[in-house]
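By full-length UniProt numbering, the letter at position 81 of the sequence shown is numbered 81, and the numbering carries on one by one without gaps.
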Amino acid sequence: MATKDGSEEVIMETEAKVKEPEPLCENFGKEDAKLSETVYQTDSAGESSSTQEPTVSNGDDSGEGMEMVDLKIIWNKNKYDLKIPLDGTGAKLKERIHSLTGLPPAMQKVMYKGLLPEDKTLREIKVTNGAKIMVVGSTINDVLAVNTPKEVIQQEVKAEENKKEPLCRQKQHRKVLDKGKPEDIMPSVKGTKERLPTVPLAGMYNKSGGKVRLTFKLEQDQLWIGTKERTEKIPMGSIKHVVTEPIEGHEDYHMMAFQLGPTEASQYWIYWVPIQFVDAIKDTVLGKWQYF
């Protein structure tokens, strides 16, 4: 600091030293940028990049880039709006119906101009915008809800019958039973339980005293009740329960009623049913009998 010029030189030299780190920081930033660029390029060559946003794909349901069609799904008196790709298959439509209704695809009958094929697209079967798709089927819970009451009702009916006088003594039945055992009735076998015969059960009486025969169409799940005048074809699933009772004095034969509706007024009575077939008839109608 002997001279003014010397002092100035020292000060300038000091300032220069203070500013020296700035290029280092700048270079470090550049190196860091290069490193980041290198990482990005490496990731891009691989499966994914840490700087890219993830892409979520919903498959066909997203409808992105696909031609969509609006449908009206009708099931169990309910209506649902559904938008689905026109190039989706019938199987895919069933999956979407499952998500809407809870009805499993295996239990669905999807109708559009007939039974909808699972392996064809909606475009191939010419489904149009706003089309109505009819769905038939019951959920597992619905099936259980229908079947369980049958057994409960059967138990309640038995308990109620025990409180009443024997059916065969009631006036409405006596007028038929008093005619006596039909001459052409099938023979009875006490102490045995047999499967249903391969021929119709014939020779019995109905409530009006006319001859009646029973034919069990297992492949169609129907009970045919035939008389001289006509044959009634009744779905077995519509029969609520079956009432049976031995005929007094002829315990190897039973009187039997099929309840075709919600009340006792819908019971169809048949008299002189051979005892060996009684359990087979009840179990077949109520869905318990196993065939091999």
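Where is the CB? At the ideal position from N, CA and C, for every residue including glycine.
Spatial distance of Ile74 from Val135 (CA atoms) | Computed Cα separation, rounded: 6 Å.
Cα-Cα separation, Ser99 to Ala106 | Looking at the two C-alpha atoms, the distance is approximately 13 Å.
How big is the Cα-Cα spacing for Gly59 and Glu219?
-> Unreliable positioning characterises Gly59 in this predicted model, as indicated by a pLDDT of 39, which lies under 50. A coordinate reading is not provided.
From Thr215 to Lys132, what does the alpha carbon distance come to, in whole angstroms?
-> The C-alpha of Lys132 is placed about 39 Å away from the C-alpha of Thr215.
Inter-residue spacing [alpha-carbon to alpha-carbon] between Gly210 and Asn76 = When the Cα atoms are used, Gly210 and Asn76 turn out to be separated by approximately 41 Å.
Where the beta strand (DSSP E) containing Lys83 begins and where it ends = Looking at the DSSP string, the run of the beta strand (DSSP E) that includes Lys83 is Asn78 to Pro85.
Whole-angstrom distance between Ala280 and Gly226, CA atom to CA atom = In a straight line, the C-alpha of Gly226 is about 19 Å away from that of Ala280.
Residues near Leu86 in its chain [Cβ-Cβ closer than 8 Å; skip 5 each side] = By the criterion of a C-beta distance shorter than 8 Å, Leu86 is surrounded in its chain by Met66, Glu67, Met68, Val69, Thr121, Leu122, Arg123 and Val127, once the five residues flanking it on both sides are discounted.
Spatial distance of Thr198 from Lys83 (CA atoms) | Going from the Cα of Thr198 to the Cα of Lys83 covers about 52 Å.
In three-state terms, what does DSSP make of Gln276?
-> In this structure, Gln276 counts as helix in the three-state DSSP scheme.
Reference Met256, options Glu229, Gly249 and Met204, closest by Cα = Ranking Glu229, Gly249 and Met204 by Cα distance to Met256 puts Met204 first.
Can you give me the Cβ contacts of Lys207 inside the same chain, cut-off strictly under 6 Å, excluding the 5 residues immediately before and after it?
-> Closer than 6 Å at Cβ, skipping near neighbours: Trp269.
Buried versus exposed call for Gln276 [16 or more other C-beta atoms within 10 Å across all chains shown] | Under this definition Gln276 is a buried residue.
Could you pull out every residue in the same chain whose Cβ sits closer than 8 Å to the Cβ of Ser238, ignoring the five residues on either side in sequence?
-> These residues qualify, in order along the chain: Leu260.
With a CB to CB cut of under 8 Å and the five nearest residues on each side skipped, what residues in its chain are close to Asp221?
-> Closer than 8 Å at Cβ, skipping near neighbours: Pro235, Met236 and Gly237.
Is the Cβ-Cβ distance between Gly90 and Asp119 less than 8 Å?
-> Yes, the Cβ-Cβ distance between Gly90 and Asp119 is below 8 Å.
How many angstroms separate the CA atom of Thr263 from the CA atom of His254?
-> The alpha-carbon atoms of Thr263 and His254 are separated by roughly 22 Å.
Around the C-beta of Val189, are 16 or more other C-beta atoms found within 10 angstroms, so that it is buried, or is it exposed?
-> So Val189 counts as exposed.
Kindly indicate the opening and closing residues of the beta strand (DSSP E) around Gln259.
-> His250 to Gln259 is the span of the beta strand (DSSP E), which, as asked, contains Gln259.
Endpoints, the alpha helix (DSSP H) within which Val176 is located = Unbroken alpha helix (DSSP H) run through Val176: Lys171 to Leu177.
Nearest-angstrom Cα distance between Thr244 and Ser266?
-> Taking the straight line joining both Cα atoms gives about 15 Å.
If you draw a straight line from the C-alpha of His250 to the C-alpha of Ile185, how long is it?
-> Using only the alpha carbons, I get a separation of about 13 Å.
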